[in-house]
Structure formats: structure tokens, C-alpha cells
Amino acid sequence: YEELSLLSKLGLPVNPYPQKCQTIEAVIQFYNTWREKHHALPYGIDGVVVKVDNISIQQAVGYTAKAPRFGIAFKFPAEQITTVVEDIGLQVGRTGVVTPVAHLRPVLLAGSIIARATLHNEDQIKRLDVRIGDTVILQKAGDVIPEIVSVLLPLRPKKTKPYQFPKFVAGCGGDGSIERIPGEAVYRCVVLESDHLRRQKLYYFVSKHAFNIDGIGPKIIDALLDAEIITHHFDLFTCTKEDFLSL
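Under the numbering used here, the first residue of the sequence shown is numbered 223, with each subsequent residue one higher.
Right, here's the structure in full:
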């Protein structure tokens, strides 16, 4: 706390709202105050940080592999809002997993416009009993990933029907057939060879989760495939400057 005060006196930018608490009750009161007031800040926060105010103790307890042992985040409850499920679509990933996605009436939630939320799998849809036309409660899991928490059944339109997975899905190979393997929660494409799946695999290959190839994203991959410059992952390593200039 004294170091922060010194930095502020020296003219360095420091958060103007730190508080030194002598008791756990004071910490809880500080948390409750900002839980109510944080929406008025000109920037978003999802909680407060509680730290041991003693450098010697901080050095003694040290760090884990990921975080200091002398501090902890005290998170606020996730912000919730209501919206309407306008449709339920299916998304085919690179491994052939078919994921249901709720298409929502766009709403502002925790600083961003949300128009989609994953429904994960058939079991989740049945557990929530979410249907097209339903009014639902939406929140961001960990203040990051939009998720449907529950359905407001009193607002359900008449004649809605439980969602049923189709037998065929665009994006899968062959005739588009999908199946749910016994013991698994997800549906998968029966045939794992299709133009869509090939593109999804290449998108992942160049992404930050794999080779992290700077400057190449889905649009470039699509252009290279459409121009028949590449057909497989390894073709990317033989592309020339002229290949890219020709796009």
C-alpha cells in the first residue's frame, strides 16, 4: 500500500481506489462496495484483488507456477441478462464434432454484443429444455464465454417443440450423416472427409494454437484453396511469393 502511495506521489499512474483493510470484515465490505459500484467505472472489472500488505511475507510465501500466493482475486457474480433464442444451428468443427449453437437476439453483456452462445451437446439442450423462441437468461462464464443459464418458462411461446438433432448436417462428408457414439455426449460426422472439414483443419493449422503462421488466416487459406495453390497442410511450406501475389 505504501509503495502504491509513493508511486502516486511520484506522478505515475496508479489506480486511485486501493484500500488498506485491517480485518476480513473490512475486505468483505470493500468487495461489496465495488460489486455495486463497478458498473460506473470507465473501464470493465470483474472483481477485486486482495493482497498481503507486507513485502517480507510476500517474499516468504512466494509464487505458484501460475500466480502469487500472497494475493487472490475476489470475483463478482457474473452479470446476467435476458434475450430470445431466434434459432438453433449446428457447427461442424475440424474433428467432425457437431456442436449446437443458439442464435440469439443481440444484447449487450459485460461490455460486448452477444448474438451466439454454444449449447455444447444434446444432453445440455435437454437439461435446459431450450427451444427456438424461448426467452433465456444469459451470462458470460468467467466473464468471457457466453452461456445460457436457464429458460424463463412462463415466457415460452405456445406450440414450441423440443429441439431434435437432424440426421444430416452440411459440412460433414459423404451424404452429411451424423451419429452419436454410445458413451459420448456429442454427435460426429460419419464421414470425416469434406471440403468444409479440410478448411477447418487448415484454419487451425495456421492459428496461434498450432503453427501460429503470422499473416495467414481463414481468408488467405480460402483463397489459396479456391485457387488450387494448396490442397494439404504441407503445401503451405512450398508456397512462393508469387503464389501469394496472385491471390
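Idealized CB from N, CA, C, for every residue including glycine. In this text, all values refer to a predicted model and were calculated from it rather than measured experimentally.
Environment of residue i [buried if 16+ CB atoms lie within 10 Å]
i, result
"C535", "The structure shown has nothing for residue 535, since the chain only spans 223 to 469."
"V270", "buried"
"E225", "exposed"
"P238", "exposed"
"Q422", "buried"
DSSP bridge partner residues for residue i (one or two, in chain order)
i, result
"E369", "Q361"
"V323", "G311 and T340"
"L331", "S334"
"Y425", "In the DSSP output, where bridge partners are listed per residue, Y425 has none listed."
"F390", "S399"
For residue j and residue i, believed in contact at Cβ under 8 angstroms, the rounded distance
i, j, result
"F298", "H342", "Between H342 and F298 the Cβ distance is about 25 angstroms, and since that is not below 8 angstroms, they are no contact."
"V428", "I452", "With 8 angstroms as the limit, V428 and I452 do not qualify as a contact, their Cβ atoms being about 11 angstroms apart."
Residue i (DSSP reduced to helix, strand or coil)
i, result
"R402", "strand"
"P376", "helix"
"P299", "coil"
"V274", "coil"
"V249", "helix"
"T317", "coil"
"F466", "helix"
"P440", "helix"
Any C-beta of chain C under 8 angstroms from that of residue i
i, result
"R420", "As a matter of chain content, chain C is missing from the structure shown, which is built from one protein chain."
Cβ pair count under 8 angstroms reaching 3, the region 378 to 396 against the region 407 to 422: yes
The region 290 to 308 in contact with the region 415 to 435 per 3-pair CB rule at 8 angstroms: Not touching, per the Cβ criterion.
Cβ contact (3+ pairs, closer than 8 angstroms) linking the region 367 to 379 and the region 399 to 406: no
Contact between the region 319 to 332 and the region 350 to 366 (3+ Cβ pairs under 8 angstroms): yes
Given 8 angstroms, three or more beta-carbon pairs between the region 312 to 326 and the region 338 to 356: yes
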